[in-house]
Amino acid sequence: MTLVKVNNPITKTFDGLLNDLFNEMPSLDKNLREEAFGFPPVNITEAVGAYHIEVAAPGMEKTDFNLKLDGNLLTISAEKKQETKDENAKAIRREFNYRSFKRSFTLDEKINAANIAAKYENGVLKVELPKKEEVKAVAKEITIA
800 MTLVKVNNPI TKTFDGLLND LFNEMPSLDK NLREEAFGFP PVNITEAVGA YHIEVAAPGM
860 EKTDFNLKLD GNLLTISAEK KQETKDENAK AIRREFNYRS FKRSFTLDEK INAANIAAKY
920 ENGVLKVELP KKEEVKAVAK EITIA
């Protein structure tokens, strides 16, 4: 038996539409996350001695952020205050939009909560979560009685 591939323009167009739809899904997901849910993207990386969380939040000031550790729940929130400086000027178009957001992360027992540090530079909030020193098992010789 021989299989013959048929070149059908209707099927080809439909397949092309499906490919375009699924190839565009990651960008739709990103826009949905940022627009509908109102929280910025986050990168989490692990280094030898610490975990690093980077929150992309351009246009904010470091005073706009609030970091809170409650038990093992780290909450990062921010709120940008909108200020109108000139009452005589009429806004024709306003596209700058600052939203408040709140993200929470559950920390495990490997994190040294007392030494968590954060800094905000170039539109990125960087949070360092240092790891606890691992307790090395001390070799102990057991004598047989």
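Numbering-wise (the numbering used here), the sequence shown opens with residue 800 and increments by one.
Idealized CB from N, CA, C, for every residue including glycine.
Exposure label - residue i; buried when at least 16 CB within 10 Å
| i | result |
| --- | --- |
| proline 839 | buried |
| isoleucine 875 | buried |
| glutamate 873 | Looking at the sequence shown, residue 873 is not glutamate but leucine. Buried, since its Cβ has 16 or more Cβ neighbours within 10 Å. |
| isoleucine 843 | exposed |
| alanine 877 | buried |
Nearest candidate by alpha-carbon position, reference residue i, set the options
| i | options | result |
| --- | --- | --- |
| glutamate 933 | Leu906, Val847, Thr862, His851 | Val847 |
| alanine 855 | Pro929, Lys930, Tyr919, Thr942 | Tyr919 |
| aspartate 869 | Ala890, Lys879, Asp907 | Asp907 |
| asparagine 911 | Val926, Ile943, Arg898 | Val926 |
Residue i to residue j span [Cα, whole Å]
| i | j | result |
| --- | --- | --- |
| glutamate 996 | glutamate 853 | Residue 996 is absent from the model: the chain starts at 800 and stops at 944. |
| glutamate 940 | asparagine 914 | 36 Å |
| tyrosine 850 | glycine 858 | 25 Å |
| phenylalanine 904 | leucine 866 | 11 Å |
| asparagine 921 | aspartate 863 | 14 Å |
| alanine 890 | leucine 928 | 43 Å |
| glutamate 886 | lysine 879 | 20 Å |
| valine 841 | alanine 938 | 42 Å |
| glutamate 845 | threonine 942 | 42 Å |
Inter-residue CB distance, residue i and residue j (contact presumed, cutoff 8 Å)
| i | j | result |
| --- | --- | --- |
| leucine 924 | alanine 917 | 6 Å |
Contact under 8 Å by Cβ, residue i with residue j
| i | j | result |
| --- | --- | --- |
| lysine 909 | lysine 931 | yes |
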